[in-house]
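>
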Amino acid sequence: MINMKEIVTELGLKVVSGEADGPVSGGYSSDLLSDVIAYAQKDNVWITLQTHINIVAVANLKELSGIILVNGRQPEDATLKKAIQENISIMISNMSTFEIIGRLYSLGIRGNNK
Amino acid sequence: MNNLIHETSKIQEITYELKIQDVMDTEYQTVNSGMAVGSLREVLRKKRILGVPVVDGTDLVGIVSIEDFIKCMENGKLGETVGTMMTMDVKTLFADEPLITAVNKFEEYGFSRFPVISRQTGKLVGIITKIDIIKGILKKLETAYQHEEERRYRASHIFNDIVADDISIDLKYFIEGKNFDKAGEASTGLKKTLNRLGFPPDIVRRVTISTYEAEINIVSYTDKGEIHAFIDSNQIRIVVTDTGPGILDIEKAMLPGFSTAPGWVRELGFGAGMGLPNIKKFTDKMTLESVVGEGTRLETVVFLDSNKNKL
Ligand SMILES: Nc1ncnc2c1ncn2[C@@H]1O[C@H](COP(=O)(O)OP(=O)(O)OP(=O)(O)O)[C@@H](O)[C@H]1O
Ligand SMILES: [Mg+2]
Chain W
2 MINMKEIVTE
12 LGLKVVSGEA
22 DGPVSGGYSS
32 DLLSDVIAYA
42 QKDNVWITLQ
52 THINIVAVAN
62 LKELSGIILV
72 NGRQPEDATL
82 KKAIQENISI
92 MISNMSTFEI
102 IGRLYSLGIR
112 GNNK
Chain A
62 MNNLIHETSK
72 IQEITYELKI
82 QDVMDTEYQT
92 VNSGMAVGSL
102 REVLRKKRIL
112 GVPVVDGTDL
122 VGIVSIEDFI
132 KCMENGKLGE
142 TVGTMMTMDV
152 KTLFADEPLI
162 TAVNKFEEYG
172 FSRFPVISRQ
182 TGKLVGIITK
192 IDIIKGILKK
202 LETAYQHEEE
212 RRYRASHIFN
222 DIVADDISID
232 LKYFIEGKNF
242 DKAGEASTGL
252 KKTLNRLGFP
262 PDIVRRVTIS
272 TYEAEINIVS
282 YTDKGEIHAF
292 IDSNQIRIVV
302 TDTGPGILDI
312 EKAMLPGFST
322 APGWVRELGF
332 GAGMGLPNIK
342 KFTDKMTLES
352 VVGEGTRLET
362 VVFLDSNKNK
372 L
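Spelled out as structure tokens, the structure:
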């Protein structure tokens, strides 16, 4: 399984919290939190534009491997604080969702097949 | 492997460190020896206990249990006094003894409770049950390890070691409505506790994800609510109540995609209309009741041996 470290290097992500280290089982992208709760799988990387503190709880409860924020979006202060405290990896990319997912796909990351 | 040794020794450490007086119940019920056996039933039933110490004045003179009561009933002796049928050779513990002594005595005698005596005065000062011990250890772990990784202090063997038939831990969380900065704290707190108790990761995920959806609904649609978690060794039951506006059409609310989330809630990424369907998907049992203008009550159960466990 591909490691988050590789993804960070390949996509040039900026890690703002957590270790960004560990296996990545696949990817999921959505800006609706309940949709992520329904369909993301353990150790998935999550691509979103949401920056509010609730993304930390979702990543924590679903045991995701990390969150990539798109279009250079910065997490809110409370989000960052919580993410550091809970050891949730948040990474920032200047690319758009479309571009990020394309790159992840070419690295071998897939969606969850039902 | 190292973690396991670490955990075990931590629990052991705590059972030596904590004293019986730190965890015992001091608001216990007593009866006196002159009481009619027939009245005992009411006392045990009301207090939902299986046994009670017998005290005359300030002296502990015996102990009676539900078994004693049943025996009297079978023999038609309900009119006699408690004094004639109680056990007079009471096994007790001293309040200043370490918890490990209590653990060992429970093991040795198989009783469900012990009266606790002050070494100085010889008087009854409390009652201790296995559940008091578990609660005491959990509380201590909570403070001892607030900042450490939860994997390290999983206390799976608490349940294995001191499992009683009537074990049930009851946790309560208060949820503030409209405050999204705190939203999720109850569910993530519950996750830590369940991990610590050693529940399998799949179970923990399903319970806490469904609790999170309910928590978010309280925050989104109501002013306040409560989450109760009833943890048994074979199931986890969650009861969520609020005093919000209620749900007009529950069938509709359960449909994936149905949402009345206001704009400020949608901005934060909620309002997909998937919360309630998610709760149904991740739990084994779900009951939703609501009265418009009064509030909503949700009850879910996740069984430990459920076949949904890979979700
Ligand atoms: N506790 C509650 N009190 C009042 N109304 C509620 C409550 N819980 C749910 N509802 C109603 O049921 C609808 C559906 O709830 P559900 O959780 O499925 O979706 P949502 O909250 O709208 O969106 P999502 O959960 O996907 O973010 C809500 O929009 C709301 O109208
Ligand atoms: Mg909801």
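So the protein lines, in turn, are chains W and A.
Residue numbers for the first sequence follow my numbering, beginning at 2 and rising by one.
Residue numbers for the second sequence follow my numbering, beginning at 62 and rising by one.
Ideal Cβ placement from N, Cα and C applies to all residues, glycine included.
Which residues in chain A have a C-beta closer than 7 Å to the C-beta of L65 of chain W? List them in chain order.
Per Cβ cutoff of 7 Å: no residues; L65 of chain W is ~11 Å from chain A at best.
> Taking Cβ to Cβ, would you say I81 of chain A is nearer than 9 Å to G187 of chain A?
yes
> Would the beta-carbon of T240 of chain A be found less than 8 Å away from any heavy atom of ligand 2?
Per the sequence presented here, residue 240 of chain A reads as Asn, with Thr not at that position. No; taking the cut-off as 8 Å, the Cβ of N240 of chain A has no heavy atom of ligand 2 nearer than that.
> Return the chain-ordered list of same chain residues with a C-beta closer than 8 Å to the C-beta of Y77 of chain A, the five sequence neighbours on each side being excluded.
P159, L160, I161
> When the cut-off is 9 Å and only beta carbons count, does V9 of chain W lie next to chain A?
no
> Short check: CB of E168 of chain A to CB of K233 of chain A, under 9 Å?
no
> Using a threshold of 8 Å, is the CB atom of I299 of chain A nearer than that to any non-hydrogen atom of ligand 2?
no
> Is the beta carbon of M335 of chain A closer than 9 Å to that of I38 of chain W?
In terms of Cβ geometry, I38 of chain W and M335 of chain A form a close pair [threshold 9 Å].
> Just how far apart, CA to CA, sit K369 of chain A and G250 of chain A?
Taking the Cα positions, K369 of chain A is about 23 Å away from G250 of chain A.
> Examine chain W for any beta-carbon lying closer than 9 Å to the beta-carbon of H218 of chain A, and answer yes or no.
With a pLDDT of only 44 at H218 of chain A, under the threshold of 50, the placement of this residue in the model should not be trusted; the figure read from the coordinates follows. At a cut-off of 9 Å between beta carbons, H218 of chain A makes no contact with chain W.
> Would S126 of chain A and G112 of chain A be called neighbours here (beta carbons separated by less than 9 Å)?
yes
> In angstroms with no decimal places, state the Cα-to-Cα distance between Q86 of chain W and E77 of chain W.
Rounded to the nearest whole angstrom, the C-alpha separation of Q86 of chain W and E77 of chain W is 14 Å.
> From this set, A:N295, A:L309, A:D157, A:V151, which residue's C-alpha is nearest L258 of chain A's C-alpha?
A:N295
> Would you give the residue range spanned by the alpha helix (DSSP H) that D129 of chain A belongs to?
127 to 135
> Chain A partners of D78 of chain W, CB-CB under 8 Å?
Neighbourhood of D78 of chain W in chain A, by CB distance below 8 Å: empty, with the nearest CB roughly 11 Å away.
> Is it the case that the CB of M335 of chain A approaches a heavy atom of ligand 1 more closely than 8 Å?
M335 of chain A Cβ: within cutoff of ligand 1.
> Less than 9 Å between CB atoms is the rule here; does I38 of chain W satisfy it with respect to chain A?
yes
> Taking 9 Å as the CB-CB limit, is M315 of chain A close to chain W?
no
> Given the structure, does S351 of chain A come close to ligand 2, in the sense that its CB is under 8 Å from one of the ligand's heavy atoms?
For S351 of chain A, the CB stays at least 8 Å from every heavy atom of ligand 2.
> Our contact map puts E153 of chain A next to V115 of chain A with C-beta atoms below 8 Å; I'd like the distance itself, whole angstroms only.
Position check: residue 153 of chain A holds Thr in this sequence, whereas Glu was assumed. Rounded to the nearest angstrom, the Cβ distance from T153 of chain A to V115 of chain A is 13 Å, too far for a contact under 8 Å.
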